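A.B. asks: When you read off a place in the sequence shown, starting at 1, and then add 1487, the result is the number in this note's numbering.
Each residue gets a CB set at the ideal place from its N, CA and C atoms; glycine is no exception.
A quick note: this is a predicted structure, and the numbers were derived from the prediction, not measured.
Pasting a structure here, questions to come.
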Amino acid sequence: MWVSFPNLRPHLFSPRILQGLGSIFGRPLKINHATSFGFLPSVARVLVELDVSKKFPDKICVGPKNLGYVQLVTLEDLPLYYLHCKSLGHSKLECGILHPHLSQPLCRRIFMLLLCRI
């Protein structure tokens, strides 16, 4: 999963710092090519192996306590994960275990159509 740090301050674009920021979310795997070479200074991206069952912050504090700043974070294309059935790809409203009637294909399509109208 790519973790993006929009408008990260330029002095923080070192591999060591970026891997440290990525490790907040999981195991850093690599730094985006454009980030490594400074082609896109408006955002830093780190590929991270993470546990989708956990909640992650959308902001982190970067730097020392009194001198640091709040950095926005984006988890790109985070898949839906529902803790009740521990499955990827659906939310509570679409859970076939919680709502067994949704397991039937026709009912599921009708439910999704109704849900889209809300």
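Could you name the residues of the same chain whose beta carbon sits closer than 7 Å to that of I1518, not counting the 5 residues immediately before and after it, in chain order?
C.D. replies: P1502, L1505, V1533.
A.B. asks: Whole angstroms is fine: what's the gap from V1490's alpha carbon to R1514's?
C.D. replies: Taking the straight line from one Cα to the other gives about 11 Å.
A.B. asks: Out of curiosity, what's the CA-to-CA distance linking G1507 and V1549?
C.D. replies: Their Cα atoms are separated by approximately 11 Å.
A.B. asks: Exposed or buried, which one is G1525 when buried takes at least 16 other CB atoms within 10 Å?
C.D. replies: G1525 should be labelled exposed.
A.B. asks: Cα separation between F1512 and L1537?
C.D. replies: Distance between the alpha carbons of F1512 and L1537 is about 6 Å.
A.B. asks: Count the other CB atoms, across all protein chains shown, that sit within 10 Å of the CB of G1555; report buried if there are 16 or more and exposed otherwise.
C.D. replies: Flag for G1555 reads exposed.
A.B. asks: Mind listing, in chain order, the continuous beta strand (DSSP E) runs of no fewer than 3 residues lying wholly within the region 1517-1547?
C.D. replies: You should have 1530-1536.
A.B. asks: Could you spell out where the beta strand (DSSP E) holding P1493 opens and where it closes?
C.D. replies: Per DSSP, P1493 belongs to the beta strand (DSSP E) from 1489-1493.
A.B. asks: Can you look up L1554 in the DSSP assignment and give me helix, strand or coil?
C.D. replies: If DSSP states are grouped into helix, strand and coil, L1554 belongs with coil.
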